[in-house]
Amino acid sequence: LSTETIIVEGDRIGREKEVQPALIDLGIEELESVPAIGEPDPIRSLQLLPGVQAASDISSGLYIRG
């Protein structure tokens, strides 16, 4: 089994700002980069961050660790 060479390229969204506890700044570019049906959902975007967990799929509650 053989295939042609596959080249994968991507961009990384860098965090150039100083990290501040209890402060998260999500720009429109970051919200639009999260797969969504319809409009971008800031709460769903927060759930993808490290240390954040959703209470359940039908609740907007968040558990934040740290």
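Residue numbering for the sequence shown follows our numbering, starting at 3 and increasing by one per position.
Ideal Cβ positions, reconstructed from N, Cα and C, are used throughout, including at glycine.
The model shown is predicted, which means the values in this text are computed figures rather than measured ones.
Closest to residue 46 by C-alpha separation, out of 40, 9, 56, would be which residue?
Restricting attention to 40, 9, 56, the CA atom closest to the CA of residue 46 is found in 56.
Taking just the CA atoms, how far does residue 51 sit from residue 29?
Across the structure, residue 29 and residue 51 are spaced so that their CA atoms are roughly 14 Å apart.
Expressed to the nearest angstrom, what Euclidean distance is found between the alpha-carbon atoms of residue 12 and residue 6?
Their backbone Cα atoms lie some 20 Å apart in a straight line.
Look at the Cβ atom of residue 25, then the Cβ atom of residue 49, and state whether they are nearer than 8 Å.
Using a Cβ distance threshold of 8 Å, residue 25 and residue 49 do not count as a contacting pair.
N- and C-terminal bounds of the beta strand (DSSP E) containing residue 66
Where residue 66 is concerned, the enclosing beta strand (DSSP E) stretches over 64-66.
Since residue 56 sits in a beta bridge, which residues does DSSP pair it with?
According to DSSP, residue 56 bridges with 64.
Expressed to the nearest angstrom, what Euclidean distance is found between the alpha-carbon atoms of residue 38 and residue 66?
Between residue 38 and residue 66, the C-alpha separation is close to 22 Å.
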